[in-house]
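Residues -17 to 159 (the working numbering) make up the sequence shown, in order.
Yeah, the Cβ is synthetic: ideal placement off N, Cα and C, and Gly gets one too.
Keep in mind the model is a prediction, meaning the values are calculated, not measured.
Report on the structure given below.
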Amino acid sequence: MSDPGDTTELVTARGDGQPLVGIVMGSDSDWPVMSAAGDALDELGVPHEVGVVSAHRMPQAMLDYGSSAAERGLRVLIAGAGGAAHLPGMLAAVTSLPVVGVPVPLKHLDGMDSLLSIVQMPAGVPVATVSVGGARNAGLLAARILGTSDADLRGRMDAFRSVLDAGARAKGEALRD
Ligand code: RP5
């Protein structure tokens, strides 16, 4: 294993306590999409960190971030990028933590380039890819992963699903009015 450099200056912690989820993206231009992942984790009370870690423009820092993530106390990584979106796959190559990939749609190709870059990983290096622009689901999936070993968080996820259920029922009732 390499001796990773200090990558803490790349990220900002959000929420109380040790960040459990690292939300990273290739550029600050991804933030309007990726912020939904952080919002979901905020709603569920999951401390996390956010930052720009570009696979192409700062490759050594990206490798250091991924290879030190587990020992820094992170439990799940969420990585979003657009175009030739190599960040999620490269992080998955240097950590055994689960990596959730978010294809960020750019101006051209409607995000299909981002999607295919992230989803089509070789066997042995998994990335759990959400839909194009699906950062909220990335946050919720990270919370579900953490919920497998955190009954309180699982309870908050159950309550969240109850809200979805009630909302869908209300829509059906509105149709019957
Ligand atoms: C990707 O290039 C980033 O993830 C972003 O989606 C895209 C454009 O980056 P900027 O030119 O806006 O910095 O690596």
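Closest residue to residue i among the options (Cα-Cα distance)
i: serine 36; options: Ala63, Leu98, Gly129; result: Ala63
i: serine 131; options: Thr(-6), Leu2, Val(-7); result: Leu2
i: alanine 120; options: Arg158, Trp13, Thr(-6), Ala18; result: Ala18
i: leucine 122; options: Ile5, Thr(-10), Val(-7); result: Ile5
i: threonine -11; options: Ala124, Ala156, Val32, Ser113; result: Val32
i: valine 76; options: Ser50, Ile127, Val82, Val84; result: Ser50
i: glutamate 53; options: Met94, Gly(-13), Gly129; result: Gly(-13)
i: leucine 26; options: Arg138, Leu73, Val82, Lys153; result: Arg138
i: serine 99; options: Leu79, Pro85, Gly106, Asp159; result: Pro85
i: alanine 66; options: Leu97, Leu59, Leu56; result: Leu97
Anticipated Cβ contact below 8 Å, residue i with residue j, distance rounded
i: valine 145; j: alanine 110; result: In fact, because the Cβ distance is near 24 Å, the residues do not count as touching under 8 Å.
i: leucine 79; j: leucine 45; result: Between leucine 45 and leucine 79 the Cβ distance is about 14 Å, and since that is not below 8 Å, they are no contact.
i: methionine 7; j: valine 34; result: 6 Å
Coarse secondary structure for residue i, derived from DSSP in three states
i: threonine -6; result: strand
i: glycine 20; result: helix
i: glycine 149; result: helix
i: methionine 139; result: helix
i: aspartate 159; result: coil
i: glycine -1; result: coil
Practice task
List in chain order: all unbroken alpha helix (DSSP H) runs of 4+ residues lying wholly within the segment 48 to 130.
Solution key: 69 to 76, 94 to 101, 117 to 129
What are the uninterrupted segments assigned as alpha helix (DSSP H) that are 4 or more residues long and contained completely in the segment 26 to 50, given in chain order?
-> 41 to 50
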